[in-house]
Amino acid sequence: MLVNLVKKNFYRDSVFLMALSNKIKTIAGVVDSSVMMGTDANKKLLTETGFFTNEGASASPNDLLICISYNAQADIKKIMSGIENMLNVTVSRDNAGSCVCENPKNIEEAVELQPDSNIAVISIPGQYVCYQSEKLLKKGINQMIFSDNVSVEDEIHLKKIGVEKGLLVLGPDCGTAIINGIPLGFANVVRRGSIGVVAASGTGTQEVTTIIHKNGEGITQAIGLGGRDLKKEVGGLMAIESIKMLENDPATKVICIVSKPPAEEVEKKVLDIIKSCKKPFVIIFLGSKIKRNDSGNLYFATNLEDAALKSIAILKNKKYSPKGKLPENFLNIASKERKKHSKNQKYVRGLFSGGTLCDEAMFVLSDALGDIYSNIAVNPELKLKNRNVSFKNSFIDLGDDEFTKGVPHPMIDFTGRNKRMIQEAKDKEVAVIFFDLVLGYGAHPDPANAILPAITESQKIAKKQKRYITFVTSICGTDLDPQGFNKQKEILENAGVIILPSNVTAARFVETQMFADNKA
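For the sequence shown, this note's numbering assigns the number 525 to the last residue and increments by one with no breaks.
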């Protein structure tokens, strides 16, 4: 049974929509749900996926469109009542009269309600960002722009204003930050400490900050830049501003820079500024083929784990040696796993929700595996012809825009990844399924149990065909995250999943387990 509910003039951002879709699925009788704004493109997508009904036809781009499928025996009135309760936002205040939860109609009301706030998160359609962002900048408010589809011209314009006023403009398309200990967007709960992070990567930030936490240290600030800041057009405007702020912050002792290789002229400009600073900087340009040597206050890392551990070593004034090799206990496990596969099983499939984690895994494994095909491959010859069909060794970034158009991000909703995992398990040549699991705010409240059905079904498929598939992952999260790191780890281990302490170590495990003596 299908029903569409239209809420007139009820705009909500993508984070709200994704979270609401998941909440609706928990209502008794609901089979599936899709929540999005009533744009023509979204209506077309809903029609193609079989979710659209005549009731939804009246929705305009400013209307919220809620589409659900439900069991014929379910009480639709109770379902609709449950949805209405989720949509209602109440205003409440604590005993001191401070705002606990508000739903202001505009920026002026928001500033009036929270006069002490000095940072705003913007998550609205991209074409409206510049107008609202300018209003915030005039009021002296820093901002994290979660929205995408903002023109590069608008980004440059806003960041130049930010530089003039000494304000941070993080983004557009900035999904992760930790400011004064508060996680924003997709971010983990980590302890406060002495290491500052400046990053043009969401899951890169999460991986570095969680490893720092797991190794006993903490973060002052984790400043997200958005993916374009270090490109030639933008020129590293916010990277430079962030570096200056952390250089002047007494609590920050070491600064870690995380990014894919910047434009050559931007890299030179940023590095020249860093050289003039007094504090040590650890820099990871993920995927760069240029060999860089430590010099002065510049320390270069080769992967995300390396960047985190090197930052800690410098903070403690200790000698640092990169791990490089797989720990002995995992070498033994890898050897045992390798013996369980048939001769025909020769490929690995990577299914990632984090693009940076997918990139890092491919960089580590490219020598051992040879060609790795992907929807985000830099080499056009290795770009999958059909993103929905893997070929030989394939690594998929399921969080890429082409997969998330009109549907929740795979960190929030595991439906797409679960289907793809079962699809990969049916391929008789697949030996390893390598995936990431990300905890923290914004992510699924119980990701291990969300992916468990797909792992169980995949194992059944392989067993029926007298095969064995090795499942490998690392958990990007901490013991303080709301999902509970140890709980998530236990669920996966009980399902036979091999869990490594970091994404790069998991990639090395796959290399050892599959291709120590053989390139595919």
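For each residue, glycine too, the CB sits at the ideal point set by N, CA and C.
Original post:
Does the Cβ-Cβ distance between V271 and L320 come in under 8 Å?
Top reply: In the sequence shown, counting from the first residue as 1, residue 271 sits at position 266. In the sequence shown, counting from the first residue as 1, residue 320 sits at position 315. With a cutoff of 8 Å on beta-carbon distance, V271 and L320 are scored as not near each other.
**OP:** Check whether the region 507-515 touches the region 297-313, taking contact to mean three or more Cβ pairs, one atom from each stretch, closer than 8 Å.
**Re:** Inter-segment contact for the region 507-515 and the region 297-313 is present: three or more beta-carbon pairs are separated by less than 8 Å.
**OP:** Answer with buried or exposed for K164, where buried requires no fewer than 16 other C-beta atoms within 10 angstroms of its C-beta.
**Re:** For this step, residue 164 is matched to residue 159 along the sequence shown. By the 10 Å Cβ count, K164 comes out buried.
Original post:
Between the beta-carbon of V275 and the beta-carbon of A312, is there less than 8 Å?
Top reply: Sequence index remark: in the sequence shown, residue 275 carries index 270 (1-based). Sequence index remark: in the sequence shown, residue 312 carries index 307 (1-based). In this structure, A312 does not lie closer than 8 Å to V275 by Cβ.
Original post:
What is the DSSP secondary structure of Y378, counted as helix, strand or coil?
Top reply: Counted from its first residue, the sequence shown places residue 378 at position 373. Strand at Y378.
Original post:
Roughly how many whole angstroms lie between the Cα atoms of S303 and Q350?
Top reply: If you number the sequence shown from 1, residue 303 lands on position 298. If you number the sequence shown from 1, residue 350 lands on position 345. Contrary to the premise, residue 303 reads as Leu rather than Ser in this sequence. Between L303 and Q350, the C-alpha separation is close to 44 Å.
Subject >> Helix, strand or coil at F439 [DSSP, three-state] >> reply: Translated into positions along the sequence shown, residue 439 becomes position 434. Reduced to three states, the DSSP call for F439 is strand.
Original post:
In terms of residues, what are the limits of the beta strand (DSSP E) holding D37?
Top reply: The residue given as residue 37 occupies position 32 in the sequence shown. Run containing D37: V35 to M42, per the beta strand (DSSP E) assignment.
**OP:** Run through the region 126-154 for me and flag every whole alpha helix (DSSP H) of 4 or more residues, listed as ranges in chain order.
**Re:** 134-143
Original post:
Quick one: any contact between the region 386-403 and the region 323-342, if contact means 3 or more CB pairs under 8 Å?
Top reply: no
Original post:
Rounded to a whole number of angstroms, what is the C-alpha to C-alpha distance between A366 and E60?
Top reply: In the sequence shown, residue 366 corresponds to position 361, counting from 1. In the sequence shown, residue 60 corresponds to position 55, counting from 1. Looking at the two C-alpha atoms, the distance is approximately 45 Å.
Subject >> Short Cβ contact (8 Å threshold) for T225 with D254 >> reply: For the purposes of this step, residue 225 is identified with residue 220 of the sequence shown, where counting begins at 1. For the purposes of this step, residue 254 is identified with residue 249 of the sequence shown, where counting begins at 1. Going by beta carbons, T225 and D254 fall inside the 8 Å limit.
**OP:** Report the partner residues of T475 according to the DSSP bridge assignment.
**Re:** Looking up residue 475 in the sequence shown gives position 470. V437, per the DSSP bridge assignment.
Original post:
Mapping DSSP to helix, strand and coil, what is R425?
Top reply: Position 420 of the sequence shown holds residue 425. Note: R425 maps to helix in three-state DSSP.
Original post:
Rounded to a whole number of angstroms, what is the C-alpha to C-alpha distance between K170 and L142?
Top reply: Against the sequence shown, residue 170 aligns to sequence position 165. Against the sequence shown, residue 142 aligns to sequence position 137. Using only the alpha carbons, I get a separation of about 8 Å.
**OP:** Would you kindly work out how many angstroms separate the C-alpha atoms of H449 and S281, rounded to a whole number?
**Re:** Position 444 of the sequence shown, counted from the first residue, corresponds to residue 449. Position 276 of the sequence shown, counted from the first residue, corresponds to residue 281. The alpha-carbon atoms of H449 and S281 are separated by roughly 42 Å.
Original post:
Closest to K144 by CA distance: which of I184, N322 and N123 is it?
Top reply: The residue labelled residue 144 in the question sits at position 139 within the sequence shown. When each option's Cα is compared against that of K144, the closest is N123.
**OP:** Could you check the C-alpha separation between F368 and I73 for me, to the nearest Å?
**Re:** Within the sequence shown, numbered from 1, the residue matching residue 368 stands at position 363. Within the sequence shown, numbered from 1, the residue matching residue 73 stands at position 68. Between F368 and I73, the C-alpha separation is close to 41 Å.
Original post:
For G292, which residues of its own chain have a beta-carbon under 7 Å away from its beta-carbon, when the five flanking residues on both sides are left out?
Top reply: Your numbering for residue 292 matches position 287 in the sequence shown. Answer for G292: K265, P266, D364 and F368, listed in chain order.
Subject >> Counted within 10 angstroms of its Cβ, other Cβ atoms place D406 as buried (16 or more) or exposed >> reply: On the sequence shown, residue 406 is found 401 positions in, with the first residue counted as 1. Counting the other Cβ atoms within 10 Å of the Cβ of D406 gives fewer than 16, which makes it exposed.
**OP:** Confirm, please, whether the CB-CB distance from G131 to N154 is below 8 Å.
**Re:** Taking the first residue of the sequence shown as 1, we reach residue 154 at position 149. Taking the first residue of the sequence shown as 1, we reach residue 131 at position 126. Result yes, Cβ atoms of N154 and G131 sit closer than 8 Å.
Subject >> CA-to-CA distance, K237 to A268, given in whole angstroms >> reply: On the sequence shown, position 263 is the one that residue 268 refers to. On the sequence shown, position 232 is the one that residue 237 refers to. Cα to Cα, A268 sits roughly 5 Å from K237.
Original post:
Run through DSSP, which three-state label would T181 get?
Top reply: Taking the first residue of the sequence shown as 1, we reach residue 181 at position 176. Three-state result, T181: strand.
Original post:
By the 10 Å Cβ neighbour count, where 16 or more other Cβ atoms means buried, how is R472 classified, buried or exposed?
Top reply: Residue 472 sits at position 467 when you count from the first residue of the sequence shown. Buried.
Subject >> Own chain residues within Cβ distance below 6 Å of V412, not counting five before or after >> reply: Position 407 of the sequence shown, counted from the start, is the residue given in the question as residue 412. Contacts found: none.
**OP:** Could you check what DSSP says for P66 in three-state terms: helix, strand or coil?
**Re:** Residue 66 sits at position 61 when you count from the first residue of the sequence shown. In the structure shown, P66 sits in coil (DSSP, three-state: anything other than H, G, I, E or B).
**OP:** Out of S479, A430, A204 and K494, point me to the one whose CA is closest to N454's CA.
**Re:** Position 449 of the sequence shown holds residue 454. Nearest C-alpha to N454: K494.
**OP:** Check the DSSP bridge columns for K30 and list the partner residues they point to.
**Re:** Within the sequence shown, residue 30 is the residue found at index 25, counting from 1. According to DSSP, K30 bridges with nothing at all.
Original post:
Beta-carbon separation of G574 and V195 under 8 Å?
Top reply: Outside the shown range of the chain, which is 6 to 525, sits residue 574, and nothing can be said about it.
Original post:
Smallest Cα separation from K83: which of M41, I29, H414 and V287?
Top reply: Numbered from its first residue, the sequence shown carries residue 83 at position 78. Out of M41, I29, H414 and V287, I29 has the C-alpha closest to the C-alpha of K83.
**OP:** Could you round the C-beta distance between Q137 and I129 to whole angstroms and report it? I think they count as a contact, below 8 Å.
**Re:** For this step, residue 137 is matched to residue 132 along the sequence shown. For this step, residue 129 is matched to residue 124 along the sequence shown. Q137 to I129, Cβ: 7 Å. Contact.
Original post:
For A192, which residues does DSSP report across the bridge?
Top reply: In the sequence shown, the residue the question calls residue 192 occupies position 187. DSSP, once it has assigned bridges, lists Y446 as partnering A192.
Original post:
Which of the three DSSP states, helix, strand or coil, is assigned to V203?
Top reply: In the sequence shown, counting from the first residue as 1, residue 203 sits at position 198. V203: strand per DSSP, three-state reduction.
Subject >> I295 Cβ short of 7 Å to the ligand ATP heavy atom set >> reply: The model depicted lacks the ligand ATP and carries no ligand whatsoever.
Original post:
With DSSP run on the structure shown, which of helix, strand or coil describes L235?
Top reply: In the sequence shown, residue 235 corresponds to position 230, counting from 1. Coil, per DSSP.
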